[in-house]
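Trainee: Numbered by UniProt numbering, the letters in the sequence shown go through residues 1 to 98 in order.
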Amino acid sequence: MDNKNVLIIPLWLLYNVKSIDNVNFDTILVENMKEYNIVDRQYLYSVINSIDKNYDFSSVLENIPNSKEISFSNDEIYIYLMKFKSFMENEEYELLKN
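(1) Enumerated in chain order, which unbroken segments of the alpha helix (DSSP H) with a length of 4 residues or greater are wholly contained in the stretch 20-79?
(2) In angstroms, rounded to a whole number, what distance separates the CA positions of residue 99 and D21?
(3) In terms of residue numbering, what span does the alpha helix (DSSP H) encompassing L11 cover?
(4) Quick check: what's the CA-CA separation for N24 versus P65?
(5) Just the C-alpha distance for K42 and V60, rounded to the nearest angstrom, thanks.
(6) Specify the secondary structure class of E89 as computed by DSSP and reduced to three states.
(7) Who are the Cβ neighbours of L13 in its own chain at under 7 Å, not counting the five residues just before and after it?
(8) Measure the beta-carbon distance from I48 to K83 and round it to whole angstroms, keeping in mind my assumption that it falls under 8 Å.
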(Lines of atoms letter the chains of each structure in order from A; the text may use other names.)
(Lines give C-alpha, C1' and ligand atoms only; values in the text may rest on other atoms or scores of the structure.)
Protein backbone atom coordinates (compact mmCIF):
# COMPACT_ATOMS: atom_id res chain seq x y z
CA MET A 1 0.00 0.00 0.00
CA ASP A 2 1.48 3.31 -1.01
CA ASN A 3 -0.83 5.66 0.86
CA LYS A 4 0.10 5.17 4.48
CA ASN A 5 -1.33 8.59 5.42
CA VAL A 6 -4.52 6.77 6.39
CA LEU A 7 -2.54 5.78 9.50
CA ILE A 8 -3.27 9.27 10.77
CA ILE A 9 -6.62 7.88 11.95
CA PRO A 10 -5.24 5.54 14.64
CA LEU A 11 -2.12 7.63 15.32
CA TRP A 12 -4.23 10.63 16.25
CA LEU A 13 -5.09 8.94 19.55
CA LEU A 14 -1.45 8.99 20.61
CA TYR A 15 -1.54 12.75 21.12
CA ASN A 16 -3.77 12.32 24.15
CA VAL A 17 -1.88 9.66 26.10
CA LYS A 18 1.41 9.43 27.94
CA SER A 19 1.64 5.69 27.44
CA ILE A 20 0.38 3.46 24.66
CA ASP A 21 -1.14 1.26 27.35
CA ASN A 22 -3.47 4.16 28.17
CA VAL A 23 -5.25 4.01 24.82
CA ASN A 24 -8.76 2.70 25.43
CA PHE A 25 -9.87 0.19 22.83
CA ASP A 26 -13.47 0.45 23.92
CA THR A 27 -16.98 1.00 22.64
CA ILE A 28 -16.37 4.73 22.32
CA LEU A 29 -13.53 4.05 19.92
CA VAL A 30 -15.71 1.51 18.12
CA GLU A 31 -18.38 4.16 17.56
CA ASN A 32 -15.77 6.64 16.36
CA MET A 33 -14.37 4.09 13.93
CA LYS A 34 -17.85 3.27 12.64
CA GLU A 35 -18.17 6.87 11.51
CA TYR A 36 -15.90 5.76 8.67
CA ASN A 37 -17.57 3.62 6.04
CA ILE A 38 -16.71 -0.05 5.75
CA VAL A 39 -14.53 0.46 2.67
CA ASP A 40 -12.40 3.02 4.52
CA ARG A 41 -12.12 0.81 7.60
CA GLN A 42 -11.09 -2.17 5.50
CA TYR A 43 -8.54 -0.04 3.69
CA LEU A 44 -7.11 1.18 6.99
CA TYR A 45 -6.91 -2.41 8.19
CA SER A 46 -5.11 -3.49 5.00
CA VAL A 47 -2.58 -0.69 5.40
CA ILE A 48 -1.91 -1.62 9.02
CA ASN A 49 -1.64 -5.24 7.96
CA SER A 50 0.97 -4.37 5.31
CA ILE A 51 3.30 -2.44 7.60
CA ASP A 52 6.76 -3.82 8.04
CA LYS A 53 8.17 -3.82 11.57
CA ASN A 54 10.95 -1.47 10.45
CA TYR A 55 8.66 1.04 8.73
CA ASP A 56 9.64 4.64 9.42
CA PHE A 57 6.52 6.45 10.64
CA SER A 58 8.08 9.92 10.48
CA SER A 59 6.63 10.65 7.03
CA VAL A 60 3.12 9.87 8.28
CA LEU A 61 3.63 11.91 11.44
CA GLU A 62 4.75 14.90 9.37
CA ASN A 63 1.37 14.89 7.63
CA ILE A 64 -0.72 14.94 10.78
CA PRO A 65 -2.37 18.38 11.02
CA ASN A 66 -1.33 19.03 14.60
CA SER A 67 1.43 21.18 16.04
CA LYS A 68 2.07 18.73 18.90
CA GLU A 69 4.60 15.97 18.64
CA ILE A 70 4.09 12.31 19.39
CA SER A 71 6.74 11.22 21.86
CA PHE A 72 6.75 7.51 21.05
CA SER A 73 9.50 5.61 19.31
CA ASN A 74 9.03 3.93 15.99
CA ASP A 75 8.92 0.54 17.75
CA GLU A 76 6.26 1.76 20.17
CA ILE A 77 4.14 3.07 17.31
CA TYR A 78 4.45 -0.25 15.52
CA ILE A 79 3.38 -2.15 18.66
CA TYR A 80 0.46 0.24 19.11
CA LEU A 81 -0.67 -0.27 15.50
CA MET A 82 -0.57 -4.03 15.97
CA LYS A 83 -2.83 -3.57 19.01
CA PHE A 84 -5.09 -1.38 16.90
CA LYS A 85 -5.15 -4.09 14.25
CA SER A 86 -6.22 -6.66 16.86
CA PHE A 87 -8.88 -4.24 18.03
CA MET A 88 -10.21 -3.98 14.48
CA GLU A 89 -10.21 -7.78 14.15
CA ASN A 90 -12.35 -8.23 17.25
CA GLU A 91 -15.54 -9.76 15.85
CA GLU A 92 -17.59 -8.34 18.70
CA TYR A 93 -17.01 -4.82 17.32
CA GLU A 94 -17.79 -5.68 13.68
CA LEU A 95 -15.41 -3.06 12.34
CA LEU A 96 -14.46 -5.11 9.31
CA LYS A 97 -18.02 -6.08 8.43
CA ASN A 98 -20.98 -4.11 7.19
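Note that the Cβ used here is the ideal one computed from N, Cα and C, for glycine as well.
Mentor: Well, looking at it:
(1) Fully enclosed alpha helix (DSSP H) runs of 4 or longer: 27-33, 38-50, 58-62.
(2) This structure cannot speak to residue 99, because the chain is shown only from 1 to 98.
(3) Residue range 8-11 is occupied by the alpha helix (DSSP H) that includes L11.
(4) It is roughly 22 Å from the alpha-carbon of N24 to the alpha-carbon of P65.
(5) The sequence shown places Gln at residue 42, rather than the Lys named in the question. Cα atoms of Q42 and V60: separation of roughly 19 Å, rounded to the nearest angstrom.
(6) DSSP places E89 in helix when its eight states are reduced to three.
(7) Closer than 7 Å at the Cβ level, and outside the excluded window around L13, lie V23.
(8) Taking 8 Å as the upper bound for CB-CB distance, I48 and K83 are not in contact here, some 10 Å apart.
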